[in-house]
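Chemist:
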Amino acid sequence: MPASPSEGPTPVVLVDALRREIVEGALVPGTRITEASVARRHGVSRVPVREALRALEAEGFVESTPHVGSRVAAIPVDEADDLFAVREALEISTARRAAQRARELFGEPRPPEDWWRTRRVLGQLLDDGDAAVEAGDLDRLVELNDRFHVGVAQLSGSATLATLLRQLSNKIEWLYALDTFSRGKRLWPDHRRILAAIDAGDEAGAAELMGWHVRESRIGFLARTEPADRVADLRATPPALPPTIPTPTIPTPTIPTPTISTSETSTPTTSAAAAPPA
């Protein structure tokens with residue numbers, strides 16, 4: 585029995601629920617979405633449904649036509665390479681910032697509790713992922729993988745990067761809805777190495793490990809749709825890492841050595857007049 589409109593989900597929760605239905609394939613591309621059916625199914629009025637559909641249209645999950653209505657958009661297969669490229673650059677930045685923040689926080693008497701909370705969650709995610717790999721539970725592994733990457737973005741301290749990554753992850757997850765391609769198991773061990781570099785405050789190492797990790801996911805997906813030479817280029821070209829900004833050094837002031845003239849350093853001679861009596 586659906587909940588009453590007063591007990592229904594908030595607009596944000598409704599957007600998340602509809603997006604999840606689209607990404608997981610409950611609402612396939614081309615499906616007509618009516619405000620009335622969504623309102624009835626989720627126990628809300630039409631106003632939050634209208635807002636949710638506008639938000640999903642802005643994200644590219646829904647297409648709306650005046651006087652016709654809304655439908656689930658087509659999966660953006662032609663944008664796959666671009667989406668992975670953007671994610672690669674974004675995740676390199678989150679890993680690098682997370683490592684930088686870790687180094688700075690460990691210089692303080694005690695890192696803040698919110699940082700520790702996220703770090704503990706990531707540690708548990710790694711253990712849960714190892715168990716999922718051993719059990720062959722790939723569906724669970726996909727969920728844990730997404731949560732790990734968002735957690736690294738949270739460690740970076742940038743709410744903007746975390747929000748962008750969530751949006752991008754949803755789009756890429758939607759791409760995988762095209763088939764049941766098994767992913768994640770081979771690359772799961774990368775996560776421990778990435779987190780170890782972050783813990784060590786190794787910005788360059790964390791960025792490089794994350795870059796190749798996302799690149800391998802990109803190659804695995806595109807190998808089924810892109811020409812072989814394109815895939816070979818991706819394997820041969822390292823991810824573009826941000827330039828390292830060296831720590832500024834303060835030059836030591838140079839104190840000039842005074843020049844002493846020859847006359848000042850020569851041994852004075854005693855004049856005849858000044859000679860002592862014989």
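Each number in the working numbering comes from the position in the sequence shown (counting from 1) with 584 added on.
Every residue, glycine too, gets a C-beta built ideally from N, C-alpha and C.
For His797, count neighbouring C-beta atoms within 10 Å of its own C-beta (all shown protein chains included) and say buried if the count is 16 or more, exposed if not.
Modeler: Translated into positions along the sequence shown, residue 797 becomes position 213. Per the 10 Å Cβ criterion, buried.
Chemist: Between the Cα of Arg655 and the Cα atoms of Val622, Arg671 and Ile676, which residue gives the shortest distance?
Modeler: Here the question's residue 655 lines up with position 71 in the sequence shown. Checked all of Val622, Arg671 and Ile676; the closest Cα to Arg655 is Val622.
Chemist: Tell whether a beta-carbon distance below 7 angstroms holds between Ala658 and Pro613.
Modeler: Against the sequence shown, residue 658 aligns to sequence position 74. Against the sequence shown, residue 613 aligns to sequence position 29. Against a cut-off of 7 angstroms, the Cβ pair of Pro613 and Ala658 comes out as a contact.
Chemist: Helix or strand or just coil, what does DSSP make of Arg694?
Modeler: If you number the sequence shown from 1, residue 694 lands on position 110. In this structure, Arg694 counts as coil in the three-state DSSP scheme.
Chemist: From the DSSP output, which residues share a beta bridge with Leu646?
Modeler: On the sequence shown, position 62 is the one that residue 646 refers to. Before going on, a small fix: residue 646 reads as Val here, not Leu. Val646 pairs with Val656.
Chemist: With 16 other CB atoms within 10 Å as the buried threshold, where does Ser629 fall?
Modeler: Here the question's residue 629 lines up with position 45 in the sequence shown. Label assigned to Ser629: exposed.
Chemist: With a CB to CB cut of under 8 angstroms and the five nearest residues on each side skipped, what residues in its chain are close to Glu810?
Modeler: For this step, residue 810 is matched to residue 226 along the sequence shown. Closer than 8 angstroms at the Cβ level, and outside the excluded window around Glu810, lie Asp665.
Chemist: Locate the alpha helix (DSSP H) running through Leu818, then write down its first and last residues.
Modeler: Locating residue 818 in the sequence shown gives position 234, where the first residue counts as 1. Where Leu818 is concerned, the enclosing alpha helix (DSSP H) stretches over Ala812 to Ala820.
Chemist: Given a cut-off of 7 angstroms, decide if Ala737 and Thr678 are closer than it, judged by their beta-carbon atoms.
Modeler: Stepping through the sequence shown from its first residue, residue 678 is reached at position 94. Stepping through the sequence shown from its first residue, residue 737 is reached at position 153. Going by C-beta atoms, Thr678 is nearer than 7 angstroms to Ala737.
Chemist: With DSSP as the reference, label Arg687 as helix, strand or coil.
Modeler: Position 103 of the sequence shown, counting from 1, holds the residue named residue 687. Correct three-state label for Arg687: helix.
Chemist: With H, G and I counted as helix, E and B as strand and the rest as coil, what does DSSP make of Arg770?
Modeler: Taking the sequence shown and counting its residues from 1, one reaches residue 770 at position 186. Three-state DSSP puts Arg770 in coil, outside helix and strand.
Chemist: With DSSP collapsed to three states, give me the class of Arg701.
Modeler: Locating residue 701 in the sequence shown gives position 117, counting from the first residue. Helix.
Chemist: Starting from Ile617, follow its DSSP beta bridges and name the residues at the other end.
Modeler: Residue mapping note: residue 617 aligns to position 33 of the sequence shown, counting from 1. Looking at the DSSP assignment, Ile617 forms a beta bridge with Ser654.
Chemist: Use the C-beta contact count for His651: other C-beta atoms within 10 angstroms, 16 or more gives buried, fewer gives exposed.
Modeler: Sequence index remark: in the sequence shown, residue 651 carries index 67 (1-based). His651 comes out exposed.
Chemist: Provide the residue span of the alpha helix (DSSP H) that contains Leu598, from first to last.
Modeler: Taking the sequence shown and counting its residues from 1, the one referred to as residue 598 is at position 14. Pro595 to Val607 is the span of the alpha helix (DSSP H), which, as asked, contains Leu598.
Chemist: Could you tell me whether the Cβ atoms of Arg777 and Leu752 are closer together than 7 angstroms?
Modeler: By one-based count along the sequence shown, residue 777 stands at place 193. By one-based count along the sequence shown, residue 752 stands at place 168. No.
Chemist: For the alpha helix (DSSP H) holding Asp723, just list the boundary residues, first then last.
Modeler: To locate residue 723, count along the sequence shown from 1; it is residue 139. Leu722 to Leu739 is the extent of the alpha helix (DSSP H) around Asp723.
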